[in-house]
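A.B. asks: This is the structure I want to talk about, given as structure tokens.
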Ligand SMILES: C[S@@+](CC[C@H](N)C(=O)[O-])C[C@H]1O[C@@H](n2cnc3c(N)ncnc32)[C@H](O)[C@@H]1O
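Numbering (the numbering used here), first residue to last: 28 to 392.
Written out as structure tokens, the structure reads:
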């Protein structure tokens with residue numbers, strides 16, 4: 028604390044706007060100050076959900092203090108709750124001379140298609156026109172450009188270290204950071220994380236199906252892109268998969284909570300070659316905006332999983348298939364190509380330049 032004459036001023040009073048109050052001393056001020064400090068620390072540590080709750084507490088005490096709204100907006104942006112963030116920033120824009128950086132942020136939030144699209148990236152007149160080119164505006168290369176953009180990688184890095192980590196994740200985290208530092212906006216690299224995060228942000232899927240969940244890294248990435256998504260998670264929780272513990276649904280559920288997931292999570296435990304057919308028998312009409320196949324990596328197993336899920340991909344939906352150039356599974360790329368031939372309504376993309384490779388496809392009709 029700092030002393031100014033007979034008043035006691037704290038380092039963050041200016042942030043709260045207390046210097047505009049008649050009196051320095053009123054009930055609850057200490058509590059608000061504590062919430063603010065905790066919120067700032069959480070924001071700094073990229074625990075956006077906690078930061079948001081702290082700032083909410085602060086606001087609860089003192090109402091709409093503009094500066095707190097700004098910090099809440101930052102936390103919301105990191106959680107991809109962009110529409111709410113834009114609403115909080117709106118009063119700043121109404122000021123006679125809004126700060127240019129806030130104005131830019133607000134303009135971005137309001138004019139970004141990413142904020143407003145849902146389920147499938149449709150043209151505005153999608154209801155009336157005949158779809159000569161299919162229902163989706165999204166092309167695979169567009170998705171690849173978004174997935175590999177500097178902005179998107181920065182967003183991923185803001186939470187990547189918080190994903191359930193293991194030796195491999197630590198390695199890729201370092202790899203991402205070093206590459207970004209070295210090549211900046213020219214860096215071009217894809218794996219399941221940036222493909223899923225971009226897909227989830229763009230589609231804002233209602234339902235996501237994943238085969239092969241393990242410690243929840245990919246479901247958490249999807250939830251980061253769209254916190255309200257309902258997740259259908261299939262895994263047999265093979266013990267010590269790839270030499271790492273595979274703790275199961277409770278662990279994954281707590282991971283999702285930690286990452287701010289707000290939708291449902293439905294686990295189906297067991298061998299996907301039995302559980303998937305049974306699931307679709309029970310839910311024949313259920314379709315998914317986003318699907319990942321990352322379970323059984325055998326040739327027959329991957330083929331069966333892919334063949335089973337494609338008919339349940341919604342028009343405009345995205346299918347993601349991991350590890351197409353993994354040296355331990357050299358046949359996976361062929362499996363993917365056969366699936367592309369079998370389903371001509373899928374428009375596919377392969378990335379094999381570096382790492383273990385990833386493929387995705389957008390359903391056109
Ligand atoms: C490569 S890991 C999934 C990684 C996860 N997508 C991620 O991003 O962290 C593969 C997972 O698939 C599961 N799995 C393997 N074969 C399976 C099968 N036949 N049915 C269901 N799950 C299976 C394993 O238990 C393991 O958790």
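Glycine included, each C-beta is placed from N, C-alpha and C at the ideal position. Please read these numbers as outputs of a predicted model, since none were measured by experiment.
Using 7 Å as the cut-off, classify the Cβ of residue 294 as near or not near the heavy atoms of ligand 1, replying yes or no.
C.D. replies: Here residue 294 is taken as the residue at index 267 of the chain shown, counted from 1. No, Cβ of residue 294 sits at least 7 Å from all heavy atoms of ligand 1.
A.B. asks: In whole angstroms, what separates the C-alpha of residue 164 from that of residue 232?
C.D. replies: Residue mapping note: residue 164 aligns to position 137 of the chain shown, counting from 1. Residue mapping note: residue 232 aligns to position 205 of the chain shown, counting from 1. If you take the alpha carbons of residue 164 and residue 232, they lie about 16 Å apart.
A.B. asks: Which of helix, strand or coil does DSSP assign to residue 63?
C.D. replies: Residue numbering aside, residue 63 sits at position 36 when the chain shown is read from its first letter. Helix, per DSSP.
A.B. asks: Return yes when the C-beta of residue 133 is under 7 Å from any heavy atom of ligand 1, and no when it is not.
C.D. replies: Counting from 1 along the chain shown, the entry for residue 133 is found at position 106. No, the Cβ of residue 133 stays beyond 7 Å of every heavy atom of ligand 1.
A.B. asks: Can you give, in chain order, each stretch of the beta strand (DSSP E) that sits fully within the region 257-287 and has at least 3 residues?
C.D. replies: Entirely contained in the region 257-287, the beta strand (DSSP E) runs reaching 3 residues are, in chain order, 257-262.
A.B. asks: Hey, quick one: how far does the alpha helix (DSSP H) through residue 299 stretch, first residue to last?
C.D. replies: In the chain shown, counting from the first residue as 1, residue 299 sits at position 272. Looking at the DSSP string, the run of the alpha helix (DSSP H) that includes residue 299 is 299-309.
A.B. asks: Measuring CB to CB, does residue 331 end up less than 8 Å from residue 300?
C.D. replies: If you number the chain shown from 1, residue 331 lands on position 304. If you number the chain shown from 1, residue 300 lands on position 273. In this structure, residue 300 lies closer than 8 Å to residue 331 by Cβ.
A.B. asks: Between the region 384-392 and the region 264-278, are three or more C-beta pairs nearer than 8 Å?
C.D. replies: The region 384-392 vs the region 264-278: no contact.
A.B. asks: Could you check which residue in 323, 245, 297 and 134 has the C-alpha nearest to that of residue 288?
C.D. replies: Taking the first residue of the chain shown as position 1, residue 288 is located at position 261. For the residues 323, 245, 297 and 134, the minimum Cα distance to residue 288 belongs to 245.
A.B. asks: Leaving out five residues on either side along the sequence, give the residues of the same chain with a beta carbon under 6 Å from the beta carbon of residue 96.
C.D. replies: Walking along the chain shown from the start, residue 96 turns up at place 69. Cβ neighbours of residue 96 beyond the five flanking positions: 115.
A.B. asks: Could you pull out every residue in the same chain whose Cβ sits closer than 6 Å to the Cβ of residue 324, ignoring the five residues on either side in sequence?
C.D. replies: In the chain shown, counting from the first residue as 1, residue 324 sits at position 297. Result list for residue 324: 356, in chain order.
A.B. asks: Please give me, in chain order, every unbroken run of the alpha helix (DSSP H) with length at least 4 that falls completely inside the region 294-377.
C.D. replies: Those alpha helix (DSSP H) runs which fall completely within the region 294-377 and span 4+ residues are 299-309, 326-336 and 359-369.
A.B. asks: So is the beta-carbon of residue 240 under 7 Å away from any non-hydrogen atom of ligand 1?
C.D. replies: Locating residue 240 in the chain shown gives position 213, counting from the first residue. The answer is yes for residue 240.
A.B. asks: If we call anything under 8 Å between Cβ atoms a contact, is residue 170 one with residue 226?
C.D. replies: The count along the chain shown starts at 1 and reaches residue 170 at position 143. The count along the chain shown starts at 1 and reaches residue 226 at position 199. Cβ atoms of residue 170 and residue 226: closer than 8 Å.
A.B. asks: Sorted by chain position, which residues of the same chain lie with C-beta nearer than 7 Å to residue 255's C-beta, five sequence neighbours on each side aside?
C.D. replies: In the chain shown, residue 255 corresponds to position 228, counting from 1. If we look at residue 255 and ignore the five residues flanking it on each side, its Cβ neighbours are 289 and 290.
A.B. asks: Any heavy atom of ligand 1 inside 7 Å of the beta-carbon of residue 198?
C.D. replies: Within the chain shown, numbered from 1, the residue matching residue 198 stands at position 171. Outside the cutoff, so no.
A.B. asks: Could you tell me if residue 313 is buried or exposed, where buried requires 16 or more neighbouring beta carbons within 10 angstroms of its beta carbon?
C.D. replies: Sequence index remark: in the chain shown, residue 313 carries index 286 (1-based). Flag for residue 313 reads exposed.
A.B. asks: Taking 8 Å as the threshold (C-beta atoms), are residue 174 and residue 222 in contact?
C.D. replies: What you label residue 222 is simply residue 195 of the chain shown in a count that begins at 1. What you label residue 174 is simply residue 147 of the chain shown in a count that begins at 1. Against a cut-off of 8 Å, the Cβ pair of residue 174 and residue 222 comes out as a contact.
A.B. asks: Would you check if the distance between the CB atom of residue 101 and the CB atom of residue 136 is smaller than 8 Å?
C.D. replies: Residue 101 sits at position 74 when you count from the first residue of the chain shown. Residue 136 sits at position 109 when you count from the first residue of the chain shown. No. Outside cutoff.
A.B. asks: Enumerate in chain order the residues of its own chain whose CB-to-CB distance from residue 168 is below 8 Å, with the five nearest sequence positions on each side excluded.
C.D. replies: As a position in the chain shown, residue 168 is number 141, starting the count at 1. So the qualifying residues of the chain are 376.
A.B. asks: Is it buried or exposed for residue 145, if we count other Cβ within 10 angstroms and need 16 for buried?
C.D. replies: Taking the chain shown and counting its residues from 1, the one referred to as residue 145 is at position 118. Any reading at residue 145 is ruled out, since the residue's pLDDT is 47, under 50, leaving its predicted position unreliable.
A.B. asks: Measuring straight from C-alpha to C-alpha, what distance separates residue 219 and residue 124?
C.D. replies: Here residue 219 is taken as the residue at index 192 of the chain shown, counted from 1. Here residue 124 is taken as the residue at index 97 of the chain shown, counted from 1. So the alpha carbons of these two residues sit roughly 43 Å apart.
A.B. asks: Restricting to Cα atoms, I'd like to know which of 64, 59, 344 and 196 is closest to residue 319.
C.D. replies: On the chain shown, position 292 is the one that residue 319 refers to. The shortest Cα separation from residue 319 among 64, 59, 344 and 196 belongs to 344.
A.B. asks: When we look at the beta-carbon of residue 243 and count the other beta-carbons within 10 Å, is it buried (16 or more) or exposed?
C.D. replies: On the chain shown, position 216 is the one that residue 243 refers to. Label assigned to residue 243: buried.
A.B. asks: Quick check: residue 337 and residue 292, are their CB atoms within less than 8 Å of each other?
C.D. replies: Taking the first residue of the chain shown as 1, we reach residue 337 at position 310. Taking the first residue of the chain shown as 1, we reach residue 292 at position 265. No, they are not a contact pair.
A.B. asks: Once DSSP output is grouped into helix, strand and coil, what is the label at residue 230?
C.D. replies: Taking the chain shown and counting its residues from 1, one reaches residue 230 at position 203. Helix.
A.B. asks: Check whether the Cβ of residue 264 lies closer than 7 Å to any heavy atom of ligand 1, and answer yes or no.
C.D. replies: For the purposes of this step, residue 264 is taken as the residue at position 237 of the chain shown. It does: the Cβ of residue 264 is within 7 Å (strictly closer) of some heavy atom of ligand 1.
A.B. asks: Taking the alpha-carbon of residue 195 as reference, which of 270, 126 and 162 has the nearest alpha-carbon?
C.D. replies: The residue you call residue 195 lines up with position 168 of the chain shown. Here the closest residue by C-alpha is 270.
A.B. asks: Could you have a look at residue 119 and say whether DSSP puts it in helix, strand or coil?
C.D. replies: The residue you call residue 119 lines up with position 92 of the chain shown. Three-state DSSP puts residue 119 in a helix.
A.B. asks: Going by beta-carbon coordinates alone, are residue 296 and residue 272 separated by less than 8 Å?
C.D. replies: Walking along the chain shown from the start, residue 296 turns up at place 269. Walking along the chain shown from the start, residue 272 turns up at place 245. No, Cβ-Cβ distance for residue 296 and residue 272 is not below 8 Å.
A.B. asks: Taking 7 Å as the cut-off, is the C-beta of residue 273 nearer than that to any heavy atom in ligand 1?
C.D. replies: Here residue 273 refers to the residue found at position 246 of the chain shown. Correct: residue 273 has its Cβ closer than 7 Å to ligand 1.
A.B. asks: Between the alpha carbons of residue 395 and residue 130, how many angstroms are there, rounded?
C.D. replies: No information on residue 395 is available, as it lies outside the stretch 28 to 392 that the chain covers here.
A.B. asks: Considering only the beta carbon of each residue, do residue 294 and residue 251 sit closer than 8 Å?
C.D. replies: If you number the chain shown from 1, residue 294 lands on position 267. If you number the chain shown from 1, residue 251 lands on position 224. Cβ distance not < 8 Å, so residue 294 and residue 251 don't count as in contact.
A.B. asks: Could you tell me if residue 110 is buried or exposed, where buried requires 16 or more neighbouring beta carbons within 10 angstroms of its beta carbon?
C.D. replies: The residue labelled residue 110 in the question sits at position 83 within the chain shown. Exposed, since its Cβ has fewer than 16 Cβ neighbours within 10 Å.
A.B. asks: Sort out for me which residues DSSP pairs residue 238 with in a bridge.
C.D. replies: Locating residue 238 in the chain shown gives position 211, where the first residue counts as 1. In DSSP, residue 238 forms a bridge with 261 and 320.
A.B. asks: Cβ of residue 235 within 8 Å of Cβ of residue 307?
C.D. replies: Position 208 of the chain shown, counting from 1, holds the residue named residue 235. Position 280 of the chain shown, counting from 1, holds the residue named residue 307. No, the pair does not count as a contact, with Cβ atoms beyond the cut-off.
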